[in-house]
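Everything on this sheet refers to the single structure shown next.
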Amino acid sequence: MQSSSKLFPVALVSAENRGDLSEDVYRLKPGNSPDRSVEIALTRLGNAGFANTSGIPVVLLHGSFSNRRFWYSPKCIGLGPYLARAGFDVWIAEMRGHGLSPRNQSYQSNCVGDYARYDLPAISDFIYEQNARPAHWIGHSLGGTTLAAALGGSYMEPSQIASVALCGSQVSRNYWLLKVPPVQWVGRFVLKRFEVLSGSRLKRGPEDEPIGLAIEALRWHGLFGRFGDAERNWWQGLSSVSLPVLAVAGAGDKQDPPWACRKLLEQFGSSAREFIQLSKADGYATDYGHIEMLVSKTAQQEVWPLLRNWITQCQA
Numbered sequence: 001m002q003s004s005s006k007l008f009p010v011a012l013v014s015a016e017n018r019g020d021l022s023e024d025v026y027r028l029k030p031g032n033s034p035d036r037s038v039e040i041a042l043t044r045l046g047n048a049g050f051a052n053t054s055g056i057p058v059v060l061l062h063g064s065f066s067n068r069r070f071w072y073s074p075k076c077i078g079l080g081p082y083l084a085r086a087g088f089d090v091w092i093a094e095m096r097g098h099g100l101s102p103r104n105q106s107y108q109s110n111c112v113g114d115y116a117r118y119d120l121p122a123i124s125d126f127i128y129e130q131n132a133r134p135a136h137w138i139g140h141s142l143g144g145t146t147l148a149a150a151l152g153g154s155y156m157e158p159s160q161i162a163s164v165a166l167c168g169s170q171v172s173r174n175y176w177l178l179k180v181p182p183v184q185w186v187g188r189f190v191l192k193r194f195e196v197l198s199g200s201r202l203k204r205g206p207e208d209e210p211i212g213l214a215i216e217a218l219r220w221h222g223l224f225g226r227f228g229d230a231e232r233n234w235w236q237g238l239s240s241v242s243l244p245v246l247a248v249a250g251a252g253d254k255q256d257p258p259w260a261c262r263k264l265l266e267q268f269g270s271s272a273r274e275f276i277q278l279s280k281a282d283g284y285a286t287d288y289g290h291i292e293m294l295v296s297k298t299a300q301q302e303v304w305p306l307l308r309n310w311i312t313q314c315q316a
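Under UniProt numbering, the final residue of the sequence shown carries the number 316; numbering is consecutive throughout.
Pasting the structure below:
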């Protein structure tokens with residue numbers, strides 16, 4: 001089968017109309033990481049009957065224990081369809097082993113460092129090849145954290161990015177017990193006995209997560225831990241990022257609290273930064289939780305237009 005890209009092998013898995021929307025599903029095989037078996041599913045949404053390339057590209061990155069359905073329900077409801085109907089060229093990525101992306105050979109060792117160093121740059125390159133305009137990236141939770149890692153590590157081409165929106169994303173919430181070395185050792189010993197964290201068993205979502213993510217998080221929160229890997233300090237690197245950045249936090253979010261989301265935003269070197277707290281005190285209908293900030297009826301009315309306006313503002 002002929003590749004849909006000149007960059008690396010890309011298969012067009014399906015091309016369907018879903019009511020008023022067109023849905024193209026691609027499977028990318030970049031071959032740019034040590035594990036050559038990695039394949040990434042990328043769903044493109046547009047208005048049926050119209051050329052997708054006429055719209056401004058927007059890329060959506062799901063969080064942990066999730067997949068494309070966070071943005072795009074089987075009934076074509078979600079932020080993805082909302083933006084597609086508004087005329088944007090919408091791309092929804094699914095991380096290794098999530099949704100339509102198959103599990104790679106070294107799946108259990110997958111971590112944010114792999115996603116940031118290898119997968120997001122490949123996704124960005126392919127989208128730019130298909131629609132040669134800088135894209136607006138929106139990440140929720142771990143998706144936003146991964147995006148911050150890719151930017152802080154200078155893994156992505158800045159000219160391909162128009163703006164960044166981080167929704168419920170942070171790396172500064174401390175777990176002081178994890179800074180005790182014996183606790184770290186025991187934690188690593190226990191975690192290495194597993195291959196995955198089960199989303200269904202933990203009641204966190206429909207997908208599993210590789211144990212490599214948990215081990216990586218332990219290292220970040222250790223006594224001398226940092227947001228980065230052995231080669232690069234992603235946290236420090238964010239101070240050199242000058243892209244427009246929006247941080248959205250829910251006042252009712254216990255997992256990624258507003259103060260920590262704000263701290264991540266303030267680490268960016270951009271002069272175009274905006275922080276929005278979704279709370280009753282700030283005029284919103286409710287104190288939004290971690291999921292509800294993007295998936296709820298009130299989010300459709302209050303948060304989705306906010307993100308659309310951010311993109312339009314950055315295009316001006």
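A virtual CB, placed ideally from N, CA and C, is assigned to each residue, including glycine.
Cβ shell of residue i (< 7 Å), same chain only, five flanking positions each side left out
{"i": "M1", "result": "Because the pLDDT of M1 is 48, which lies under 50, any placement of that residue in the model is unreliable, and the number read from its coordinates should be weighed accordingly. So the list reads A11, once near-sequence residues are dropped."}
{"i": "T145", "result": "V112, S169, V171"}
{"i": "V196", "result": "Q108, D208, E209, P210, I211"}
{"i": "G80", "result": "L45, L60, W71, Y72, V90, I92"}
{"i": "A214", "result": "L191, L197"}
{"i": "A48", "result": "N17, D20, L21, S22"}
{"i": "S5", "result": "F126, E129"}
{"i": "G31", "result": "F8"}
Contacts around residue i, its chain only, beta-carbon distance under 6 Å, and the 5 residues preceding and following it disregarded
{"i": "V248", "result": "C167, I276"}
{"i": "F128", "result": "What sits at residue 128 in the sequence shown is Tyr, not Phe. Q160, listed in sequence order."}
{"i": "S109", "result": "G212"}
{"i": "G269", "result": "S239, S240, V241, S242"}
{"i": "Q300", "result": "none"}
{"i": "G113", "result": "D229"}
{"i": "A15", "result": "D24"}
{"i": "residue 325", "result": "This structure leaves residue 325 out entirely; the chain is present only between 1 and 316."}
{"i": "R232", "result": "G153"}
{"i": "H136", "result": "V58, A162, S163, I311"}
{"i": "F88", "result": "G55, I56, V58"}
Boundaries of the alpha helix (DSSP H) in which residue i is found, first to last residue
{"i": "S124", "result": "120–130"}
{"i": "W91", "result": "Element bounds for W91: not the alpha helix (DSSP H) but the beta strand (DSSP E), 89–94."}
{"i": "C111", "result": "That residue, C111, is in no alpha helix (DSSP H); it is neither H nor E in DSSP."}
{"i": "G80", "result": "79–85"}
{"i": "T298", "result": "297–315"}
{"i": "C261", "result": "258–267"}
{"i": "L238", "result": "Taken as a continuous stretch (DSSP letters only), L238 belongs to no alpha helix (DSSP H), as it is neither H nor E."}
{"i": "G144", "result": "142–152"}
Strand pairing of residue i, partner residues [DSSP]
{"i": "G49", "result": "DSSP, once it has assigned bridges, lists no residue as partnering G49."}
{"i": "R18", "result": "L21"}
{"i": "R27", "result": "A11, A41"}
{"i": "residue 318", "result": "Because the chain spans 1 through 316 in this model, residue 318 falls outside it and cannot be assessed."}
{"i": "Q277", "result": "A249"}
{"i": "V196", "result": "P210"}
{"i": "G222", "result": "G222 is not bridged to any residue."}
{"i": "N233", "result": "G228"}
For residue i, the nearest candidate out of the options (CA to CA)
{"i": "I77", "options": "S296, Q313, Q315, C314", "result": "S296"}
{"i": "R103", "options": "N17, D35, Y288", "result": "D35"}
{"i": "Q130", "options": "V245, P57, D114, G97", "result": "P57"}
{"i": "Q315", "options": "A260, R96, P134", "result": "P134"}
{"i": "P244", "options": "Q184, S163, F65", "result": "S163"}
{"i": "P206", "options": "S4, S14, S64", "result": "S64"}
{"i": "R173", "options": "K6, K263, S54", "result": "K263"}
{"i": "K203", "options": "S66, V190, L7", "result": "S66"}
{"i": "S106", "options": "I215, W91, V38", "result": "V38"}
{"i": "A122", "options": "Q236, G237, P9", "result": "P9"}
{"i": "L120", "options": "G49, E157, L100", "result": "E157"}
{"i": "V13", "options": "I40, G19, G31, P30", "result": "I40"}
{"i": "G199", "options": "K75, H98, E216", "result": "H98"}
{"i": "W220", "options": "W259, A149, F194, Q267", "result": "A149"}
{"i": "L100", "options": "R69, S54, A272", "result": "R69"}
{"i": "L147", "options": "E274, G222, W235", "result": "W235"}
Integer-rounded CB distance, given that residue j should sit under 8 Å from residue i
{"i": "A304", "j": "Y82", "result": "As written in the sequence, residue 304 is Trp, which differs from the Ala given in the question. Contact flag correct, Cβ pair sits at about 5 Å."}
{"i": "G46", "j": "L21", "result": "7 Å"}
{"i": "L307", "j": "M293", "result": "The pair is not a contact, with the Cβ atoms about 10 Å apart (cut-off 8 Å)."}
{"i": "Y115", "j": "M95", "result": "6 Å"}
{"i": "F126", "j": "L218", "result": "At roughly 33 Å, the Cβ-Cβ gap does not stay under 8 Å, so F126 and L218 are not in contact."}
{"i": "G252", "j": "G283", "result": "15 Å between Cβ atoms; not a contact."}
Start and end residues, beta strand (DSSP E) containing residue i
{"i": "P57", "result": "57–61"}
Residue i CB to nearest heavy atom of the ligand GTP below 6 Å
{"i": "I276", "result": "The ligand GTP is not among the ligands present in this structure, which contains no ligands whatsoever."}
Neighbourhood of residue i by C-beta, 8 Å cutoff - its chain only, sequence neighbours within 5 removed
{"i": "S86", "result": "A quick correction: the sequence has Ala, not Ser, at residue 86. Around A86: R308."}
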